[in-house]
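Inspection log for the structure reproduced underneath, given as structure tokens.
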Amino acid sequence: MTTLTKVDGVIAGRGLPVVDADNAPFFEAAARGELVIQRCKETSQYQHYPRAGSVYTMGDVEWVKVPGRGKIYSFTIVRKNPADPVFAPLCPYAIVMVELPEGVKIFGNLTGCEAEDVKIGMAVEVYFAAADTEGKIHLPFWRPAA
Numbered sequence: 067m068t069t070l071t072k073v074d075g076v077i078a079g080r081g082l083p084v085v086d087a088d089n090a091p092f093f094e095a096a097a098r099g100e101l102v103i104q105r106c107k108e109t110s111q112y113q114h115y116p117r118a119g120s121v122y123t124m125g126d127v128e129w130v131k132v133p134g135r136g137k138i139y140s141f142t143i144v145r146k147n148p149a150d151p152v153f154a155p156l157c158p159y160a161i162v163m164v165e166l167p168e169g170v171k172i173f174g175n176l177t178g179c180e181a182e183d184v185k186i187g188m189a190v191e192v193y194f195a196a197a198d199t200e201g202k203i204h205l206p207f208w209r210p211a212a
């Protein structure tokens, strides 16, 4: 058994997201340890990933802080990764799709538990870790909820 704690934080050679006008508030909040998602100003429906406007009305969106707790909707355990020299030595690791109560789904790595213990419906909570040595980009990671 391997505890999945290896894929959080700085990993040399890891690809990083491009921060732009549409997603900058997400990454600014992540650096503060907060999870924010967009909400349509007209319908109050949430959306994720960040976009320039509402997917429901094409109108304005606002950023809303959410608790960052959800349930695993889907997952995979990466046991071998021969094609990627950055992540291959870190196997096994879990990639999860988390469904938030707000109705959106967010991908991320699950850490802090055994691969054999990961289950659909498992309660998880978000935390953030710097993904670059300068601490400019923080990524969301998931762990079993306390």
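The sequence shown begins at 67 in the working numbering and counts up by one.
A virtual CB, placed ideally from N, CA and C, is assigned to each residue, including glycine.
If the five residues before and after Ala-211 are omitted, its C-beta is found closer than 7 Å to the C-beta atoms of Arg-135, Ala-189, Val-190, Glu-191, all from its own chain and listed in chain order. When DSSP states are grouped into helix, strand and coil, Pro-155 belongs to the helix group.
The three-state secondary structure of Pro-91, taken from DSSP, is helix.
Segment contact: the segment 95 to 106 against the segment 151 to 161, fewer than three CB-CB distances shorter than 8 Å; contact not assigned. Pairing Asp-126 with Arg-98, the inter-Cα distance amounts to about 24 Å.
Membership of Ala-189 in the beta strand (DSSP E) is indicated by the continuous run 189 to 196.
If the five residues before and after Arg-145 are omitted, its C-beta is found closer than 7 Å to the C-beta atoms of Cys-157, Pro-158, all from its own chain and listed in chain order. In the three-state reduction of the DSSP assignment, Glu-200 falls in the coil class. Taking 8 Å as the upper bound for CB-CB distance, Gly-174 and Val-184 are not in contact here, some 13 Å apart.
Gly-79 has its alpha-carbon roughly 21 Å from the corresponding atom of Ile-143.
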